[in-house]
Amino acid sequence: SSTGAMPSARQRASAGKKYGQPLYASAWLDDRTACVAGGGGKRSSGIPNRILIARVDDVDGLGEPESWTHTDEDAPQRLARHPGGKYVVCAFGGTLGVFATTRRTDASDDGVTTGVGAGASSSSSSSSGWTIEACHHELGLPARVHVTPDEREVKCAAFDASGARLALGLESGEVKILSWPSMDVEMELGAHEKGAVTDIAWSPDGTGLLTTSAENATTSNIGRGAAVWSLERGERVRTLFDESIVKSRARNVVFRGAAFAPSTNVAWTGLNLDGQGWVVKWDTKTWRVLGKSRMFRNEPISGFAVNAQGTLIAAGSSEGHVKVIDAIKFTPIKYIKGAHMIFVTTMAWNPRGNIILSGSADASGLATRINTRSWTLRLVLWFTVFVLLILGWTSVLLAFFPDPVTSALQDGDYARAAQAVADYFNEANAADDIDDVVSSAMPSLEDVTTDNAL
307 SSTGAMPSAR QRASAGKKYG QPLYASAWLD DRTACVAGGG GKRSSGIPNR
357 ILIARVDDVD GLGEPESWTH TDEDAPQRLA RHPGGKYVVC AFGGTLGVFA
407 TTRRTDASDD GVTTGVGAGA SSSSSSSSGW TIEACHHELG LPARVHVTPD
457 EREVKCAAFD ASGARLALGL ESGEVKILSW PSMDVEMELG AHEKGAVTDI
507 AWSPDGTGLL TTSAENATTS NIGRGAAVWS LERGERVRTL FDESIVKSRA
557 RNVVFRGAAF APSTNVAWTG LNLDGQGWVV KWDTKTWRVL GKSRMFRNEP
607 ISGFAVNAQG TLIAAGSSEG HVKVIDAIKF TPIKYIKGAH MIFVTTMAWN
657 PRGNIILSGS ADASGLATRI NTRSWTLRLV LWFTVFVLLI LGWTSVLLAF
707 FPDPVTSALQ DGDYARAAQA VADYFNEANA ADDIDDVVSS AMPSLEDVTT
757 DNAL
């Protein structure tokens, strides 16, 4: 790796940053600034509930929090960053809170600000960088937005590309669409019947959703697991099914993780088959399986993320390992054994798509840089050296060997050139043999001189 790169995988595996609270959610503010969130719930636990902002650098990875906001007795569970860049929506079980992030450059700031409402407060450890604070008043919202009357838990959330709609997946299996910024329920699409929604993803054109759920999707439970929803029709239009599940005879089949490619007819899901973690690639026109790759042999996937470019897939396991593969070819790129002490709870790619952020309930966060370009550069360099060597040897041959070799090389007929070189050496060896015979047959000058003297 190049100078100044992040530590090696083995070094990073023991260098995850500890934040003093279980981490359940993550998001990015820019390519080098991450949000992580979590906590211990009730104040009696003694573990704070906070949304933290931390920078990532090339040497130390994820750093100390430069700002944070306390969320009273509500432990953050999920984060969804608005495409406009300013707002972050946080799910607290069955309610939602809205926070504003600001990039501050005023060195005269005292470094401390106070959030509004819900007992939240915000702090910053430096006079520059990012700050975060509750902002429900400026949007005309309550401190906590109730999605359902009985506060059914929100398990996943995602904005569409325009930022006008927020999709939610609930513990009850329901899929809802909220309008932004009013946070009113715009559409209720239906529900997975037997399990919580584990992930939700918007189609590139914003007309559909892909969801995965905790339902057991074995062959005896066709119609469960992963679903495609149409916003135009306001309902589920397809349930995904992998025919290889029938052949595997798996008893526990749970989809975990969903993502669309940005510009091609491809989507991906995570899939746990009897404790093994897999990634499945789908054709979004037919929803047939295009390919499948095993990520973890002996543990299920607990975290899943595809970068915005659709080129890299990251998965975290129930044992705390992290693996990154090529999204198209499924070739392995990086494996970080023991990235976290226990199961991975959250994963997110930075906007550039070259750093994967992972978090765990062990209170650790880890930022892993993926240097895919370095291998391409090495191949180019090796190829350049190879070409230069060929050109160098060709120049030598042209300079020292006779016309037949030169003519063959100029014509690009390397077989004829090789034969000409062989003929040249054969002729040279034959000439040497003749010289040896002549030399042995003729008396030496010394012998002739001696005879004459006598």
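Taking the working numbering, I'd label the letters of the sequence shown as residues 307 to 760.
Glycine included, every Cβ here is placed at the ideal spot set by N, Cα and C.
- Looking only at 447, 458, 483 and 454, the smallest Cα-Cα distance to residue 464 is reached by 483.
- Taken in chain order, the complete beta strand (DSSP E) segments of 3 residues or longer contained in the stretch 568 to 626 are 572 to 579, 582 to 589, 595 to 602, 607 to 612 and 618 to 623.
- Residue range 491 to 497 is occupied by the beta strand (DSSP E) that includes residue 492.
- Around the beta carbon of residue 566, 16 or more other beta carbons sit within 10 angstroms, so the residue counts as buried.
- Rounded to the nearest whole angstrom, the C-alpha separation of residue 614 and residue 721 is 50 Å.
- Going by DSSP, residue 483 is part of the beta strand (DSSP E) stretching over 480 to 485.
- Straight-line measurement puts the Cα of residue 618 at about 11 Å from the Cα of residue 658.
- Within a 10 Å sphere around the beta-carbon of residue 349 sit fewer than 16 other beta-carbons, which makes this residue exposed.
- Counting C-beta atoms within 10 angstroms of its own C-beta, residue 692 has fewer than 16 neighbours from the protein chains shown and is therefore classed as exposed.
- DSSP, read as helix, strand or coil, puts residue 335 in strand.
- Straight-line measurement puts the Cα of residue 652 at about 11 Å from the Cα of residue 620.
- For residue 444, the enclosing alpha helix (DSSP H) has its first and last residue at 442 to 445.
- Taken through DSSP and simplified to helix, strand or coil, residue 349 comes out as helix.
- Taking the C-beta atoms as reference points, residue 532 is found nearer than 8 Å to residue 518.
- C-alpha of residue 378 to C-alpha of residue 667: approximately 19 Å in a straight line.
- Counting along the chain, residue 552 sits inside the alpha helix (DSSP H) bounded by residues 550 to 554.
- DSSP, read as helix, strand or coil, puts residue 690 in helix.
- Rounded to the nearest angstrom, the Cβ distance from residue 382 to residue 343 is 4 Å, consistent with a contact under 8 Å.
- By the Cβ neighbour-count rule, residue 674 is buried, with 16 or more other Cβ atoms within 10 Å of its own.
- Collapsing the DSSP output to three states places residue 722 in a helix.
- Taking a C-beta distance under 8 Å as the contact criterion, residue 370 and residue 386 do not qualify as a contact pair.
- At the C-beta level, residue 470 and residue 486 come within 8 Å of one another.
- Per DSSP, residue 547 lies in no beta strand (DSSP E) and is assigned neither H nor E.
- Within a 10 Å sphere around the beta-carbon of residue 398 sit 16 or more other beta-carbons, which makes this residue buried.
- For residue 549, the closest C-alpha among the options 597, 393 and 477 is that of 597.
- The beta-carbon distance between residue 472 and residue 395, rounded to whole angstroms, is 7 Å. This is short enough to meet the 8 Å contact definition.
- Closest in C-alpha terms to residue 356, from the list 511, 403, 389 and 335, comes 403.
- Taking C-beta atoms as the reference points, residue 583 and residue 561 fail to come closer than 8 Å.
- For residue 629, the enclosing beta strand (DSSP E) begins and ends at 628 to 632.
- In the DSSP secondary-structure assignment, residue 541 is bridged to 536.
- Residue 475 has its alpha-carbon roughly 26 Å from the corresponding atom of residue 672.
- Residue 322 carries a coil assignment under DSSP once its states are collapsed to helix, strand and coil.
- Rounded to whole angstroms, the separation of the alpha carbons of residue 665 and residue 574 is 21 Å.
- Where residue 398 is concerned, the enclosing beta strand (DSSP E) starts and stops at 393 to 398.
- Beta-bridge pairing by DSSP links residue 562 to no other residue.
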